[in-house]
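First the structure, in the form of structure tokens, and then the observations on it.
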Amino acid sequence: AQKITQTQPGMFVQEKEAVTLDCTYDTSDPSYGLFWYKQPSSGEMIFLIYQGSYDQQNATEGRYSLNFQKARKSANLVISASQLGDSAMYFCAMREGGAGGTSYGKLTFGQGTILTVHP
Amino acid sequence: DTGVSQDPRHKITKRGQNVTFRCDPISEHNRLYWYRQTLGQGPEFLTYFQNEAQLEKSRLLSDRFSAERPKGSFSTLEIQRTEQGDSAMYLCASSLGQLYGAKNIQYFGAGTRLSVL
């Protein structure tokens, strides 16, 4: 079974609009972390935002926020006020176990969503 | 503060040749990871180091692959007798691992794109 599922292969948004990228996950571990990364065409994976399984509030980092619904096992990324430079591939990833747990922090990634921002 | 550096950025080789990639992590980071990413897919975990110790290897890492981190700083990933199926982007990441409560955010390099002809 897929541990991270991103059901949107591609998304389009108008500049200055908000967009939501979907991510669902599957784990039986009570302690886990969820990450979003951006990968522009240059190839580098850029960390955007993190949500811990025990965090009470949804994470926010500037224009990025994470809509964390634990019971539904979803961790959707919301980008507000889209910019042309936001056009890239976006990956959701999960780390199972605590930061020092036996998983050693390795990440499991989804297949990604290509976001295109139109002017 | 420099980020994670990978060298070379691109490598073209013929089937059967050996190749070696280098990764320089962020200087104070004790954890180093290698991932492989094929076209249109998310990265897949290959192996992990804590300081100089290789603590986990994925089943994806066949015996043709070997990774080292001799002094707990830079790391090398070698592929022997390359096959066309090895063509991919090889990504390195590093993090400051802490036992409890840490986000353990992994910061990635720009990757090495390998093409096996």
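Quick mapping for you: the protein sequence lines, in order, are chains A and S. Quick note, the numbering used here runs 36 ahead of the 1-based positions in the first sequence. Quick note, the numbering used here runs 46 ahead of the 1-based positions in the second sequence. By construction, the Cβ of each residue, glycine as well, lies at the ideal position given by its N, Cα and C atoms.
Legend entry - Identity of the residues DSSP links to residue 125(S) by a beta bridge: The residue given as residue 125(S) occupies position 79 in the second sequence. DSSP lists 65(S), 111(S) as partners of residue 125(S).
Inset, instruction - Taking residue 61(S) as the reference, give the member of 84(S), 103(S), 110(S), 90(S) with the closest Cα. - result: One-based indexing of the second sequence puts residue 61(S) at position 15. Out of 84(S), 103(S), 110(S), 90(S), 110(S) has the C-alpha closest to the C-alpha of residue 61(S).
Legend entry - Anticipated Cβ contact below 8 Å, residue 141(A) with residue 128(A), distance rounded: Locating residue 141(A) in the first sequence gives position 105, where the first residue counts as 1. Locating residue 128(A) in the first sequence gives position 92, where the first residue counts as 1. 16 Å between Cβ atoms; not a contact.
Legend entry - Endpoints, the beta strand (DSSP E) within which residue 128(A) is located: Numbered from 1 along the first sequence, position 92 holds the residue referred to as residue 128(A). Its beta strand (DSSP E) spans residues 124 to 132.
Legend entry - Spatial neighbours of residue 53(S) in its chain, beta-carbon cut-off 7 Å, leaving aside the 5 residues before and after: Locating residue 53(S) in the second sequence gives position 7, counting from the first residue. Excluding positions up to five away in sequence, the list reads 68.
Legend entry - Cutoff 8 Å; reference residue 59(S); Cβ partners in own chain excluding five residues on either side: Reading the second sequence from its first residue, position 13 is the one you call residue 59(S). So the qualifying residues of the chain are 65, 128, 160, 161, 162, 163.
Inset, instruction - Just the C-alpha distance for residue 97(A) and residue 130(A), rounded to the nearest angstrom, thanks. - result: Counted from its first residue, the first sequence places residue 97(A) at position 61. Counted from its first residue, the first sequence places residue 130(A) at position 94. So the two alpha carbons sit approximately 18 Å from each other.
Legend entry - Rounded straight-line distance, which links the Cα of residue 155(A) to that of residue 154(S): Position 108 of the second sequence, counted from the start, is the residue given in the question as residue 154(S). Position 119 of the first sequence, counted from the start, is the residue given in the question as residue 155(A). C-alpha separation (whole angstroms): 29 Å.
Legend entry - Neighbour flag for residue 76(S) against chain A, beta carbons, 7 Å: The residue labelled residue 76(S) in the question sits at position 30 within the second sequence. Answer no: the Cβ-Cβ gap between residue 76(S) and chain A never drops below 7 Å.
Legend entry - Nearest to residue 57(S) (by Cα), restricted to the options 74(S), 136(S), 143(S), 141(S): Here residue 57(S) is taken as the residue at index 11 of the second sequence, counted from 1. Selected option, being the one with the closest Cα: 136(S).
Inset, instruction - Could you tell me which residues DSSP pairs with residue 141(S) in its beta bridges? - result: Taking the first residue of the second sequence as 1, we reach residue 141(S) at position 95. For residue 141(S), which the question treats as bridged, DSSP gives the partners 77(S).
Legend entry - Cβ-Cβ separation, residue 157(S) to residue 79(A) (assumed contact under 8 Å), whole Å: For the purposes of this step, residue 79(A) is taken as the residue at position 43 of the first sequence. For the purposes of this step, residue 157(S) is taken as the residue at position 111 of the second sequence. Between residue 157(S) and residue 79(A) the Cβ distance is about 5 Å, and since that is below 8 Å, they are a contact.
Inset, instruction - For residue 97(S), count neighbouring Cβ atoms within 10 angstroms of its own Cβ and tell me buried if that reaches 16, exposed if not. - result: The residue given as residue 97(S) occupies position 51 in the second sequence. By the neighbour-count rule (16 or more Cβ atoms within 10 Å), residue 97(S) is not buried but exposed.
Legend entry - The beta strand (DSSP E) enclosing residue 159(S), as first and last residue numbers: Taking the second sequence and counting its residues from 1, the one referred to as residue 159(S) is at position 113. Taken as a continuous stretch (DSSP letters only), the beta strand (DSSP E) holding residue 159(S) covers 158 to 162.
Inset, instruction - Pair every Cβ in the stretch 116 to 128 of chain S with every Cβ in the stretch 58 to 69 of chain A, then say whether three or more of these pairs are closer than 8 Å. - result: no
Inset, instruction - Give the residues of chain S in contact with residue 147(A), contact being defined as C-beta atoms less than 9 Å apart. - result: What you label residue 147(A) is simply residue 111 of the first sequence in a count that begins at 1. Those within 9 Å of residue 147(A) in chain S are 86, 87, 88.
Legend entry - Inter-residue Cα distance where the pair is residue 88(S) and residue 82(A): Indexing the second sequence from 1 puts residue 88(S) at position 42. Indexing the first sequence from 1 puts residue 82(A) at position 46. One C-alpha to the other measures close to 13 Å.
Inset, instruction - Using three-state DSSP, classify residue 50(A) as helix, strand or coil. - result: Working through the first sequence from its first residue, we reach residue 50(A) at position 14. If DSSP states are grouped into helix, strand and coil, residue 50(A) belongs with the strands.
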